[in-house]
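The block underneath contains the structure these notes are about, expressed in structure tokens.
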């Protein structure tokens with residue numbers, strides 16, 4: 001990069017330039033790992049689809065009792081950043097015996113098996129919120145914030161984590 005062209009931060013493009021500059025400074029000072037380690041030192045212990053289902057169901061029961069039931073929750077190896085999806089919520093509709101049955105599913109990118117517990121919760125909260133609000137609107141983000149206080153900071157830090165992760169795989 002030249003002095004006039006700042007390093008692109010693909011996960012942070014929607015954020016103000018000042019925040020992006022702060023992250024660039026952390027990178028240039030080789031302090032991004034320290035930043036993440038200080039804020040998120042732990043890794044969660046949820047490693048199976050069964051445990052992830054129980055985790056998502058407990059969050060749903062606590063915050064969204066009237067939302068539709070969750071039929072399936074799993075870590076998905078096919079979800080990755082190239083598809084711009086960290087998690088998905090889907091409704092699968094099938095005809096069974098003359099009746100239309102719909103099943104609600106949540107898929108979480110497998111890369112979150114090794115993430116901080118706050119990041120996993122943020123992704124699950126985000127996908128659960130879609131059961132009530134389909135669009136990323138004010139009500140959606142208010143619901144996310146209700147289920148996980150500090151949601152917006154976690155979303156920002158998750159994007160920093162993804163930037164860090166890309167740097168690790170690029171061998172920097």
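Numbering (the UniProt record's numbering), first residue to last: 1 to 172. We put the beta carbon where it would ideally sit given N, CA and C, even for glycine.
For this session: Below 6 Å CB to CB, which residues in the same chain sit around residue 17 once its five sequence neighbours on both sides are set aside?
Result: Mapped onto the chain shown, residue 17 falls at position 17. None.
Exercise. Quick one: Cα of residue 120 to Cα of residue 152, how far?
Worked result: By one-based count along the chain shown, residue 120 stands at place 120. By one-based count along the chain shown, residue 152 stands at place 152. C-alpha separation (whole angstroms): 14 Å.
For this session: From the DSSP output, in three-state form, read off residue 106 for me.
Result: Locating residue 106 in the chain shown gives position 106, where the first residue counts as 1. Strand, per DSSP.
Exercise. Do residue 12 and residue 25 have their C-beta atoms closer together than 8 Å?
Worked result: Residue 12 sits at position 12 when you count from the first residue of the chain shown. Residue 25 sits at position 25 when you count from the first residue of the chain shown. Against a cut-off of 8 Å, the Cβ pair of residue 25 and residue 12 comes out as no contact.
Problem set entry | Classification of residue 157 by the beta-carbon crowding that lies within 10 angstroms, buried from 16 upward | Sequence index remark: in the chain shown, residue 157 carries index 157 (1-based). Its Cβ being crowded by 16 or more others within 10 Å, residue 157 is buried.
Exercise. Using the beta-carbon count (16 or more within 10 Å), is residue 162 buried or exposed?
Worked result: Taking the first residue of the chain shown as 1, we reach residue 162 at position 162. Classification of residue 162: buried, given that the 10 Å Cβ count is 16 or more.
Exercise. Looking at the structure shown, is residue 132 part of a helix, part of a strand, or coil, going by DSSP?
Worked result: Locating residue 132 in the chain shown gives position 132, counting from the first residue. Residue state for residue 132 is assigned as coil, using DSSP reduced to three classes.
Exercise. Could you give the C-beta distance for residue 103 and residue 132, rounded to a whole number, given that I count them as a contact under 8 Å?
Worked result: Position 103 of the chain shown holds residue 103. Position 132 of the chain shown holds residue 132. About 17 Å separates the beta carbons of residue 103 and residue 132, which is beyond the 8 Å limit, so they are not a contact pair.
Exercise. When the Cα atoms are used, what is the spatial distance from residue 37 to residue 167?
Worked result: In the chain shown, the residue the question calls residue 37 occupies position 37. In the chain shown, the residue the question calls residue 167 occupies position 167. Taking the CA atoms as reference points, residue 37 sits about 15 Å from residue 167.
Exercise. If you draw a straight line from the alpha carbon of residue 64 to that of residue 31, how long is it in whole angstroms?
Worked result: Here residue 64 is taken as the residue at index 64 of the chain shown, counted from 1. Here residue 31 is taken as the residue at index 31 of the chain shown, counted from 1. Counting only the Cα atoms, residue 31 lies some 39 Å from residue 64.
For this session: Spatial neighbours of residue 77 within its chain, please: CB distance less than 6 Å, with the 5 preceding and 5 following residues excluded, ordered by chain position.
Result: For the purposes of this step, residue 77 is identified with residue 77 of the chain shown, where counting begins at 1. Only 110 meet the Cβ criterion.
Exercise. Which residues mark the beginning and the end of the beta strand (DSSP E) in which residue 75 is found?
Worked result: The residue given as residue 75 occupies position 75 in the chain shown. DSSP places residue 75 inside the beta strand (DSSP E), whose first and last residues are 72 to 76.
Exercise. Quick one, are the C-beta atoms of residue 113 and residue 75 less than 8 Å apart?
Worked result: Translated into the one-based positions of the chain shown, residue 113 becomes position 113. Translated into the one-based positions of the chain shown, residue 75 becomes position 75. Going by C-beta atoms, residue 113 is nearer than 8 Å to residue 75.
Exercise. Which whole-angstrom value is the C-beta distance of residue 40 and residue 118, which I expect to be below 8 Å?
Worked result: Within the chain shown, the letter at position 40 stands for residue 40. Within the chain shown, the letter at position 118 stands for residue 118. Indeed they touch by this definition, with Cβ atoms about 6 Å apart.
Exercise. What distance in whole Å lies between the Cβ atoms of residue 44 and residue 115, which are believed to be in contact at a cut-off of 8 Å?
Worked result: For the purposes of this step, residue 115 is taken as residue 115 along the chain shown, with counting starting at 1. For the purposes of this step, residue 44 is taken as residue 44 along the chain shown, with counting starting at 1. So it is a contact: roughly 7 Å between Cβ atoms.
Exercise. Cα separation between residue 47 and residue 136?
Worked result: For the purposes of this step, residue 47 is identified with residue 47 of the chain shown, where counting begins at 1. For the purposes of this step, residue 136 is identified with residue 136 of the chain shown, where counting begins at 1. Distance between the alpha carbons of residue 47 and residue 136 is about 28 Å.
Exercise. From 138, 145, 139, pick the residue whose C-alpha is nearest to that of residue 123; which is it?
Worked result: For the purposes of this step, residue 123 is identified with residue 123 of the chain shown, where counting begins at 1. Of the listed residues, the one whose Cα sits closest to residue 123 is 145.
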